[in-house]
Amino acid sequence: MESEGRVLLPLFDEHPMMPWNDLRKGDCCGRYESQSDGYYCKNCNFFVHKKCGDELSEFIDHPSHPNHTLQLRHDKGVNICDLCSREIVNLCYRCEMCDFDVDLGCAKRQPPNVIDNFETHPHKLILLKERTEFDSFHVDCVWHPATDHPTEVNHPYHSLHPLKLLTGPPPDYSDGKCRLCGGKVDKELFYHCSSCNFTLDMRCVLNPPQKSLVEPKVHDHQLTLLPRLDSFTCNACGLKGDRSPYACFDCGFMIHQECLCLPRVININRHDHRVYRTSVLGVVDSVCGVCRKQVDWTCGGFSCKRCPGYVVHSKCATRNDVWNGKELEGVPEEEEDVEPYVVIDENTIQHFSHKEHYLRFNENGVLYEENKRCSACTHPIGLHSFYTCMDCDFSLHQKCAECPKRKRHVLHNERLTLDTNKDLEVFRCDACYRRSNGFMYKDGDKMLDVLCGSISEPFVHPSHPHHPLYYIPTENDDKICNGCNSRKGYVLRCIEDDCIFVLCFECATLPKVVKHRVDDHPLSLCYGEEEKASGKYWCDICEKETDSKEWFYTCKDQRASLHRECVLGDSTGLMPRTVATLFRQSYKVGLNNSVTRPFCSWCESRCMYPIYFKLLGRTSETYFCSFCCAC
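Numbering follows the numbering used here, in which position 503 of the sequence shown is assigned residue number 534; successive positions increment by one, without gaps.
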């Protein structure tokens with residue numbers, strides 16, 4: 032819970048520290064404290080206990096190192112405390128001259144010089160500040176600095192036996208998890224009862240969950256915590272649980288502890304409207320809008336009030352790669368103008384990217400103009416319906432002109448804004464990794480070209496016409512794309528049980544029809560020919576063999592199979608006759624459609640791709656056939 036105002040702490044000038052209340056392990060000392068007040072930096076997710084922060088000073092004199100003053104350090108590397116041999120977490124006091132470090136616990140509380148009650152040794156133990164050849168005990172093994180936690184506690188959720196303080200790995204017979212919260216216990220400190228195999232982490236010892244609570248937003252009746260290992264189905268999210276739910280004895284309602292704080296109203300990255308938390312979805316035979324799996328209509332989840340039937344599992348809706356973490360209950364919803372153009376008449380529009388002139392509609396064309404390009408996707412105009420300016424050389428494909436000014440996308444949690452890229456900045460699309468200087472969907476550092484940014488679910492592609500494709504966040508890592516036979520991180524996939532079709536964003540947005548100098552007719556994208564795989568194919572551009580199982584471009588009579596890379600090159604997203612800045616060098620982007628093709632200064636072969644680069648600012652003409660050669 033955030034409080035008002037900022038706090039200045041030693042060594043934290045770069046961190047805007049805010050007063051904060053959160054029962055979490057402190058990045059200051061690496062331990063839990065019974066008092067959860069502290070200071071928090073949102074920029075780097077750094078939390079300092081109030082107790083640690085208030086006692087911090089930049090320099091200290093410490094009896095363990097009397098010759099030099101120790102200075103507070105914020106070390107991100109792995110260091111070891113020279114007193115207790117524990118790993119130091121972020122903050123420590125250090126002597127640079129002697130390479131001497133102490134963590135905050137040892138800095139605040141010096142280990143006693145003599146211990147005479149250590150249960151495993153009958154004699155007094157004397158603190159040694161330097162290593163010797165004699166048998167000795169680690170300080171950490173006989174003394175717990177700065178914890179002040181008792182060796183045994185009587186806990187309200189385990190009244191049969193006291194819990195003992197343990198360090199090191201949990202016992203082999205246990206599952207290594209806290210009985211109450213289910214989190215893995217910290218091997219440094221936890222409490223355990225061996226008779227009952229009952230384990231609690233420090234968080235649940237210091238601040239155990241309430242035994243009972245009344246939360247009208249969650250359930251109408253009182254809920255009681257059952258600290259048991261029992262399998263149950265959570266009524267809030269529909270998923271299984273294995274321990275310590277909150278239960279209603281009046282109606283049998285059960286809920287995970289973490290589901291108590293599910294948000295009420297949120298935005299998710301694949302739906303343009305807000306979705307609302309409901310205790311019973313009530314939509315029979317529905318599928319989750321994120322994972323595309325069946326939803327139990329009798330359980331809770333999220334649904335859209337504007338789109339009947341659109342529902343999402345609670346856990347899916349609140350994933351870190353689906354939800355931005357903002358609760359919108361009580362926040363008024365603002366209606367935004369996302370329409371990209373104003374209709375002047377049935378054939379004329381005024382687009383927001385070109386307000387100075389009107390654009391006239393042109394039907395699906397037969398005239399292919401290589402020199403006329405769409406300012407949004409930078410692909411040639413023609414063969415598709417398009418709008419062109421009545422007063423200047425500005426054009427947009429019909430589909431590009433209809434792209435909304437703001438939209439949500441499966442690859443980003445915040446709404447993206449359509450940036451017209453007036454300065455023709457060369458950027459790299461975060462979905463397909465192609466470079467472009469056309470329009471982009473953008474939010475902060477996230478940039479998608481207009482083709483990838485326009486992809487929404489369900490996505491239908493002619494290479495897989497029978498089933499739609501979806502982006503499933505839990506199942507997209509390193510899948511082999513059916514189009515390029517390469518391993519890609521972001522992919523769209525078929526969700527049918529017997530289908531393993533996968534498509535990367537680059538292949539999903541390849542142009543279906545292109546024009547190339549090798550043929551008078553347009554070339555069509557072919558999605559592989561399995562039945563002809565035994566024969567050999569040769570690319571007419573590079574004169575090398577092609578694999579007919581992979582996607583390729585073919586001419587009208589289908590006698591040629593041209594590599595996609597040869598037809599498109601690696602710079603198809605750059606607008607010809609513009610100046611592109613690549614790695615601080617300026618290049619003129621040229622269209623390689625003349626009879627005489629320039630020589631590439633890097634690979635020393637004639638430029639064969641549709642786009643070439645001419646280096647500016649040189650007395651001699653220097654050309655490059657591709658982005659790869661230019662950079």
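Note that the Cβ used here is the ideal one computed from N, Cα and C, for glycine as well. Being a predicted model, the structure only gives us computed values, none of them experimental.
Just list the residues that DSSP pairs residue i with in beta bridges.
| i | result |
| --- | --- |
| Asp-232 | Phe-221 |
| Glu-362 | It should be noted that the sequence gives Val, not Glu, for residue 362. BP columns for Val-362 are empty, so no partner. |
| Ile-3 | The structure shown does not extend to residue 3, since the chain spans only 32 to 662, so no value can be given for it. |
| Pro-202 | For Pro-202, which the question treats as bridged, DSSP gives no partner whatsoever. |
| Arg-104 | Cys-123 |
| Phe-583 | Cys-557 |
| Phe-90 | Gln-102 |
| Met-49 | Tyr-71 |
| Ala-611 | Tyr-618 |
| Asn-185 | Note: Asn-185 sits in no beta bridge, so no partner. |
| Pro-411 | Arg-404 |
Round the Cβ separation of residue i and residue j to the nearest angstrom and send it over; I've been treating them as touching at under 8 Å.
| i | j | result |
| --- | --- | --- |
| Tyr-501 | Arg-518 | Rounded, the Cβ-Cβ distance is 19 Å, inconsistent with contact. |
| Cys-28 | His-250 | With the chain running from 32 to 662 in the structure shown, residue 28 is simply not present. |
| Leu-622 | Pro-641 | 7 Å |
| Gly-484 | Ala-407 | That pair is no contact at about 10 Å. |
| His-189 | Pro-202 | Not quite, the Cβ-Cβ distance comes to about 16 Å (not below 8 Å), so this is no contact. |
| Asp-571 | Val-549 | 5 Å |
| Tyr-643 | Phe-630 | Not confirmed; about 10 Å, so no contact. |
| Gly-600 | Trp-582 | Contact doesn't hold; Cβ gap of about 16 Å is too wide. |
| Lys-430 | Asp-450 | Actually they do not touch by this definition, with Cβ atoms about 18 Å apart. |
| Leu-390 | Thr-349 | Actually they do not touch by this definition, with Cβ atoms about 42 Å apart. |
| Asn-110 | Cys-129 | Asn-110 to Cys-129, Cβ: 13 Å. No contact. |
| His-192 | Cys-227 | 6 Å |
| Leu-135 | Cys-83 | 6 Å |
| Leu-556 | Leu-541 | 6 Å |
| Val-296 | Arg-305 | 6 Å |
Counting only C-beta atoms, is residue i closer than 8 Å to chain B at any point?
| i | result |
| --- | --- |
| Leu-122 | Given the protein chain composition of this structure (a single chain), no chain B is represented. |
Just how far apart, CA to CA, sit residue i and residue j?
| i | j | result |
| --- | --- | --- |
| Pro-176 | Cys-137 | For Pro-176, the predicted model reports a pLDDT of 46, less than 50, meaning its position is unreliable and no value from the coordinates is stated. |
| His-594 | Glu-537 | 15 Å |
| His-93 | Pro-200 | 32 Å |
| Val-343 | Ser-334 | 6 Å |
| Val-457 | Asn-238 | 53 Å |
| Ile-666 | Val-522 | Residue 666 cannot be examined here, being either before or after the span of the chain that is shown, 32 to 662. |
| Ser-88 | Leu-197 | 32 Å |
| Gly-272 | Arg-301 | 28 Å |
| Pro-371 | Lys-436 | 6 Å |
| Ser-657 | Glu-127 | 52 Å |
| Gln-616 | Asp-368 | 39 Å |
| Ile-531 | Lys-403 | 39 Å |
| Asn-393 | Gly-413 | 9 Å |
| Asp-206 | Ser-494 | 48 Å |
| Ser-243 | Leu-260 | 18 Å |
| His-547 | Ile-299 | 42 Å |
| Pro-50 | Cys-338 | 41 Å |
| Lys-680 | Val-184 | Because the chain in this structure spans residues 32 to 662, residue 680 falls outside the shown range and cannot be described. |
| Glu-652 | Cys-634 | 15 Å |
| Lys-580 | Asn-516 | 9 Å |
| His-105 | Ile-91 | 15 Å |
| Gly-213 | Gly-69 | 25 Å |
| Val-245 | Asp-303 | 34 Å |
I need the boundaries of the beta strand (DSSP E) containing residue i, first residue and last residue.
| i | result |
| --- | --- |
| Gly-621 | 616–622 |
| Asp-134 | 131–134 |
| Arg-676 | Lying before the first or after the last residue shown, residue 676 is absent from the chain, which here runs from 32 to 662. |
| Leu-211 | Element bounds for Leu-211: n/a, residue is neither H nor E. |
| Phe-536 | Element bounds for Phe-536: not the beta strand (DSSP E) but the alpha helix (DSSP H), 536–539. |
| Val-549 | Run containing Val-549: none; DSSP gives neither H nor E here. |
| Gly-332 | 332–334 |
Residue range of the alpha helix (DSSP H) that residue i falls in?
| i | result |
| --- | --- |
| Ser-190 | Element bounds for Ser-190: not the alpha helix (DSSP H) but the beta strand (DSSP E), 189–197. |
| Gln-429 | 429–432 |
| Asp-85 | 81–85 |
| Lys-473 | From DSSP, Lys-473 is part of no alpha helix (DSSP H) but of the beta strand (DSSP E) over 471–474. |
| Leu-599 | 595–599 |
| Phe-383 | Where Phe-383 is concerned, there is no enclosing alpha helix (DSSP H), given that its DSSP letter is neither H nor E. |
| Leu-482 | 481–484 |
| Phe-658 | 658–661 |
| Ser-345 | 345–348 |
Exercise. Should the segment 376–392 be called in touch with the segment 351–360, which here means at least 3 C-beta pairs below 8 Å?
Worked result: no
Exercise. Are the segment 420–427 and the segment 438–458 touching by the rule of at least three beta carbon pairs closer than 8 Å?
Worked result: When C-beta atoms of the segment 420–427 are compared with those of the segment 438–458, fewer than three pairs fall below 8 Å, so the two segments do not count as touching.
For this session: May I ask you to verify whether the segment 305–312 touches the segment 221–236, counting CB pairs closer than 8 Å and requiring at least 3?
Result: no
Exercise. If you pair each beta-carbon of the segment 357–366 with each one of the segment 312–328, do three or more pairs fall below 8 Å?
Worked result: At 8 Å Cβ cutoff, the stretches do not touch.
Exercise. Per the contact definition of three or more C-beta pairs closer than 8 Å, is the segment 565–584 in contact with the segment 474–492?
Worked result: no
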